[in-house]
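The numbers in UniProt numbering rise by one with no breaks, and the one at position 70 of the sequence shown is 70.
We treat Cβ as the ideally placed atom computed from N, Cα and C, and that holds for glycine.
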Amino acid sequence: MPKKDDDRATPPPLPAPLAVAVADSHTHLDMQSGTPEEGLAKAASVGVATVVQVGCDVPGSRWAADLAARFEQVHAAVALHPNEAPRIFLGDPDGWSGQRREPGGQAALDAALAEIDALAALPQVLAVGETGLDYFRTGPEGVEIQKESFRRHIAMAKRHGKALVIHDRDAHEDVIAVLLEEGAPERTVFHCYSGDAEMAKVCAEHGWYLSFAGPVTFKANQPLRDALAVTPLDRLLVETDAPFLTPHPYRGRPNAPYLIPVTVRSMADTLGLAEDELAAAIAENTARAFGY
1 MPKKDDDRAT PPPLPAPLAV AVADSHTHLD MQSGTPEEGL AKAASVGVAT
51 VVQVGCDVPG SRWAADLAAR FEQVHAAVAL HPNEAPRIFL GDPDGWSGQR
101 REPGGQAALD AALAEIDALA ALPQVLAVGE TGLDYFRTGP EGVEIQKESF
151 RRHIAMAKRH GKALVIHDRD AHEDVIAVLL EEGAPERTVF HCYSGDAEMA
201 KVCAEHGWYL SFAGPVTFKA NQPLRDALAV TPLDRLLVET DAPFLTPHPY
251 RGRPNAPYLI PVTVRSMADT LGLAEDELAA AIAENTARAF GY
């Protein structure tokens, strides 16, 4: 029998608390075990005082907005995930999203985007996202639909004066091209940054924020640490993307906001900074990026 600690379903232990409180700039409490109240309390106990709850579809975005209305320490981001837009338009016969849907076409996409737009106007919703491009799960047939959705989310963020949260998977050049064509919102955040150091320099030139998640702690990801090293201190954020991307040494086990200190300490080591100095910068940056 494996030891309990070897069980991939076992949550990692609580890390030592941070002395300077930080925010988890991107999490999905609706996909985690336990109640949101439990997750928030556990996070607060280790110095994670604020979370940005991110919606990926219309129901999830409604849930995020409702949660942020209930809890002062929760801020909401609302959007159609890049993979969601093609599923609405083309259908989702395999039910990958949890819903078996028939093709809805342009009318269905327009209706979903209108709902996101209405949610984006709410005061507790501080960001539009996660939006962007994902060429890993969506094939060529969905690229133009993703780009249309991305452009419309950019316009939405600017119209409502909200931050833009970007999902970029295997689409670095196209994401940057669309941002430059449309004109990025004043506050733009690359969630779970996955580019290299050269791309990080480009992002820095435009004043965009880079949010680092568990993968920056993985041994094989030296190019990601190189990107971290060239990112200006005033543009660094940290996130869990929980329940995904659990940091080393707990990779493969359930992630949650309370594990933010593990990633912060790894980032501080990479940067040669004191833990408290990095935490203070991250806290200030997150408040500035999301406008709270």
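How would you label residue i, buried or exposed, when you count the other beta carbons within 10 angstroms and need 16 or more for buried?
{"i": "L67", "result": "buried"}
{"i": "F136", "result": "exposed"}
{"i": "P2", "result": "Low confidence applies here, because P2 scores a pLDDT of 42, under 50, leaving its location unreliable; read the following figure in that light. Exposed, because fewer than 16 other Cβ atoms sit within 10 Å of the Cβ of P2."}
{"i": "L179", "result": "buried"}
{"i": "A127", "result": "buried"}
{"i": "H153", "result": "buried"}
{"i": "G55", "result": "buried"}
{"i": "G207", "result": "exposed"}
{"i": "R235", "result": "buried"}
{"i": "Q99", "result": "exposed"}
Residues in the same chain with beta-carbon distance under 8 Å from residue i, minus the five sequence neighbours each way, listed in chain order, please.
{"i": "R8", "result": "G252 and R253"}
{"i": "Q73", "result": "L40, A44, A49, T50 and V51"}
{"i": "M199", "result": "H172, I176 and A227"}
{"i": "V46", "result": "L14, P15, A16, P17, L18, Y258, I260 and P261"}
{"i": "K4", "result": "Only weak support is given to the placement of K4: the predicted model assigns it a pLDDT of 47, under 50, and the question is left unresolved by the model."}
{"i": "I282", "result": "V22, A23, L236, L237, V238 and V264"}
{"i": "G195", "result": "D168, H172, C203 and A227"}
Quick check: the Cα distance between residue i and residue j, rounded to an integer number of angstroms?
{"i": "D241", "j": "A213", "result": "7 Å"}
{"i": "A65", "j": "V125", "result": "6 Å"}
{"i": "R159", "j": "A171", "result": "25 Å"}
{"i": "A19", "j": "M156", "result": "37 Å"}
{"i": "V78", "j": "D269", "result": "33 Å"}
{"i": "residue 346", "j": "V189", "result": "Residue 346 lies beyond the residue range present for the chain, which begins at 1 and ends at 292; the question has no answer from this structure."}
{"i": "V58", "j": "E130", "result": "12 Å"}
{"i": "G95", "j": "F89", "result": "14 Å"}
{"i": "P12", "j": "P247", "result": "10 Å"}
{"i": "Y250", "j": "L224", "result": "19 Å"}
{"i": "R187", "j": "E284", "result": "14 Å"}
{"i": "G139", "j": "E84", "result": "13 Å"}
{"i": "K162", "j": "K42", "result": "28 Å"}
{"i": "L119", "j": "P36", "result": "20 Å"}
{"i": "G272", "j": "P185", "result": "31 Å"}
{"i": "V165", "j": "E141", "result": "24 Å"}
Any idea what DSSP makes of residue i, helix, strand or coil?
{"i": "D5", "result": "Note that D5 scores a pLDDT of 48, beneath 50, so its modelled location is shaky; the value from the coordinates is reported in the next line. It is helical."}
{"i": "H153", "result": "helix"}
{"i": "E72", "result": "coil"}
{"i": "V48", "result": "strand"}
{"i": "D24", "result": "strand"}
{"i": "Y209", "result": "strand"}
{"i": "G98", "result": "coil"}
{"i": "F89", "result": "helix"}
{"i": "residue 293", "result": "The structure shown does not extend to residue 293, since the chain is modelled only from 1 to 292, so the question has no answer here."}
{"i": "F218", "result": "coil"}
{"i": "T138", "result": "coil"}
{"i": "G183", "result": "coil"}
{"i": "G132", "result": "strand"}
From the DSSP secondary-structure annotation, give me the bridge partner or partners of residue i.
{"i": "V54", "result": "A77"}
{"i": "V230", "result": "BP columns for V230 are empty, so no partner."}
{"i": "A163", "result": "A127"}
{"i": "G60", "result": "Paired residues: none, contrary to the question."}
{"i": "L236", "result": "L210"}
Whose C-beta lies closer than 7 Å to the C-beta of residue i among residues of the same chain, with five residues either side of it excluded?
{"i": "D30", "result": "G60 and W63"}
{"i": "L245", "result": "C192, A213, G214, P215 and N255"}
{"i": "S211", "result": "S25, H26, V189, F190, H191, C192, Y193, L237, V238 and E239"}
{"i": "L122", "result": "A65"}
{"i": "A69", "result": "Q124"}
In its own chain, which residues sit with a C-beta less than 6 Å from the C-beta of residue i, not counting the 5 before and 5 after it?
{"i": "P82", "result": "G132, L133, D134, Q146 and H167"}
{"i": "A197", "result": "D226, A227 and V230"}
{"i": "P243", "result": "M31, Q32, P254 and N255"}
How about residue i: is its C-beta nearer than 8 Å to some C-beta of chain D?
{"i": "K219", "result": "In the structure shown, chain D cannot be found, because there is only a single protein chain."}
Report yes if the C-beta of residue i is less than 7 Å from at least one heavy atom of the ligand GDP; otherwise report no.
{"i": "P36", "result": "Of the ligands one can find in the structure shown there are none, so the ligand GDP has no counterpart to examine."}
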